[in-house]
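Have a look at the structure below before the remarks.
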Amino acid sequence: MTRYLSAPRPGTPASGPRMFCFPYAGGGASTYAGWQRALGDRVRVLPIHLPGREGRMSEQRFTDLDELTADLDWELDAELDEPHLFFGHSMGALIAFSLALRRFERGATLPTALVLAAYRAPHLPPPKIGDVDAPDAELVDVLSALGGIPDAVLRHPEWLSTLLPIARDDLVLCATVPPREQQPMPVPIHVFAGREDPLVAPVEMSEWSRHTADEFEMRILPGRHFFIKERETHFLDHLAHLLDRYTSKGPAHRRQARAA
Numbered sequence: 000m001t002r003y004l005s006a007p008r009p010g011t012p013a014s015g016p017r018m019f020c021f022p023y024a025g026g027g028a029s030t031y032a033g034w035q036r037a038l039g040d041r042v043r044v045l046p047i048h049l050p051g052r053e054g055r056m057s058e059q060r061f062t063d064l065d066e067l068t069a070d071l072d073w074e075l076d077a078e079l080d081e082p083h084l085f086f087g088h089s090m091g092a093l094i095a096f097s098l099a100l101r102r103f104e105r106g107a108t109l110p111t112a113l114v115l116a117a118y119r120a121p122h123l124p125p126p127k128i129g130d131v132d133a134p135d136a137e138l139v140d141v142l143s144a145l146g147g148i149p150d151a152v153l154r155h156p157e158w159l160s161t162l163l164p165i166a167r168d169d170l171v172l173c174a175t176v177p178p179r180e181q182q183p184m185p186v187p188i189h190v191f192a193g194r195e196d197p198l199v200a201p202v203e204m205s206e207w208s209r210h211t212a213d214e215f216e217m218r219i220l221p222g223r224h225f226f227i228k229e230r231e232t233h234f235l236d237h238l239a240h241l242l243d244r245y246t247s248k249g250p251a252h253r254r255q256a257r258a259a
C-alpha cells in the first residue's frame, strides 16, 4: 500500500470506481472520514494522506506543487489504472487538477472526471489567503474568518501550534504556482462554488470550463469557503447526485446529457 493511502475502512465497497480525495490547505485525510458512509456504494472513497500531517507528521512537507504531483504520480500510478475520479477542495482542487494534467501530458490513465471545489481556475492568479510570514495571531484570524479552523482547535493552543506550520507550508505551495494555460484535457470537470465564499467567487470557478475538452458543469451552493464542512450534508447530497452518473448510469448517460 502506498504511503498516500490507508487500508480500506470497514464498509468500503469492494467494487466500483475509486474517488481519490485531496485535502485543503492545513487539512488532512480525516477531512473525508465520514464520506464513505454518506455516499454509500457509489464510489470507494480514498482520502489522500499528504506528508507532514496526521499519520505522516514526521515526514517533510512539500512546498513545491510540481514536486508533490511528481511524487503522487509515482506512488499512485498502479492505483490509478482502475476507473477513478479525483475530488479536491481548495488546495486539494489545485493538486487534483495538477496530477491529472501531469498524467495527461505523459499519456497515463486519466480520471473519469474531476470534481473540484473552492479554487480559482489555473489560468487565474492563486487566491490570496494571507501573508505566509504573518504572526501566528494574524494568520489564525485570517483562517478563522474563512472557517478553516474548527472551534475545538481554537480552544487548544497546543493544537494550533501543530496546525499553523502545516497551513503556512501549504499556503506557500499555493502562492508559488504561477497562472498557466495548457491544452484542455479530455476529462469532464464538475465544480462546486460557495455562494458567500469571500476567497473564490463563483465567476472564478466558472473559468474552469477553459480546461476541459469534455463536459463542464458548475453548481453554486450556499456557504462560505469551507461549505463542504459547514453544510456537509447538503453538499454530500449534491455530490451523491453527481456521482450517480458515473456509477449506476455510466458514460452513456453523460453522452445523452451533453446531447440534450
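Quick note, the sequence shown lines up with residues 0 to 259 if you use numbering that gives the first Met the number 0. No residue lacks a Cβ here, since even glycine has one placed at the ideal position from N, Cα and C. Note that this is a predicted model, so its numbers are computed, not measured.
Coil, strand or helix - residue i by DSSP
{"i": "P156", "result": "helix"}
{"i": "H224", "result": "coil"}
{"i": "I94", "result": "helix"}
{"i": "T68", "result": "helix"}
{"i": "T211", "result": "strand"}
{"i": "T1", "result": "coil"}
Contact belief for residue i with residue j at Cβ below 8 Å, rounded distance in angstroms
{"i": "I128", "j": "L172", "result": "With 8 Å as the limit, I128 and L172 do not qualify as a contact, their Cβ atoms being about 12 Å apart."}
{"i": "R218", "j": "H233", "result": "No, R218 and H233 are not in contact; Cβ-Cβ is about 11 Å, not under 8 Å."}
{"i": "A212", "j": "P185", "result": "5 Å"}
{"i": "A112", "j": "S89", "result": "Contact flag wrong, Cβ pair sits at about 19 Å."}
{"i": "A203", "j": "R119", "result": "The displayed chain sequence assigns Glu, not Ala, to residue 203. Correct: roughly 5 Å between the Cβ atoms."}
{"i": "Q35", "j": "G10", "result": "6 Å"}
{"i": "L198", "j": "L145", "result": "6 Å"}
{"i": "G51", "j": "D168", "result": "7 Å"}
{"i": "L235", "j": "A37", "result": "5 Å"}
{"i": "E216", "j": "L123", "result": "Between L123 and E216 the Cβ distance is about 19 Å, and since that is not below 8 Å, they are no contact."}
{"i": "R230", "j": "D196", "result": "In fact, because the Cβ distance is near 12 Å, the residues do not count as touching under 8 Å."}
{"i": "I47", "j": "A69", "result": "Wrong, their Cβ atoms sit about 15 Å apart, outside the cutoff."}
Alpha helix (DSSP H) segment containing residue i, residue limits
{"i": "V114", "result": "That residue, V114, is in no alpha helix (DSSP H); its beta strand (DSSP E) goes L113 to A116."}
{"i": "V141", "result": "D135 to L145"}
{"i": "F234", "result": "E231 to D243"}
{"i": "E58", "result": "Unbroken run through E58: none, as it is neither H nor E."}
{"i": "E203", "result": "P201 to S205"}
{"i": "A37", "result": "W34 to L38"}
Distance CB(residue i)-CB(residue j) smaller than 9 Å
{"i": "Y3", "j": "L79", "result": "no"}
{"i": "L64", "j": "A92", "result": "no"}
{"i": "L153", "j": "S143", "result": "yes"}
{"i": "L67", "j": "L49", "result": "yes"}
{"i": "A239", "j": "R41", "result": "yes"}
{"i": "A95", "j": "F85", "result": "yes"}
{"i": "V176", "j": "P121", "result": "yes"}
{"i": "P22", "j": "R43", "result": "no"}
{"i": "V131", "j": "A174", "result": "yes"}
{"i": "P194", "j": "L162", "result": "Correcting the residue type first, residue 194 is Arg in the shown sequence and not Pro. Not a contact, by the Cβ cut-off of 9 Å."}
Residues bridged to residue i (per DSSP)
{"i": "R218", "result": "F191"}
{"i": "F21", "result": "G87"}
First and last residue of the uninterrupted beta strand (DSSP E) at residue i
{"i": "P46", "result": "R43 to P46"}
CB contact check: residue i to chain C, cutoff 9 Å
{"i": "A174", "result": "The question asks about chain C, but that chain is absent: this structure has only one protein chain."}
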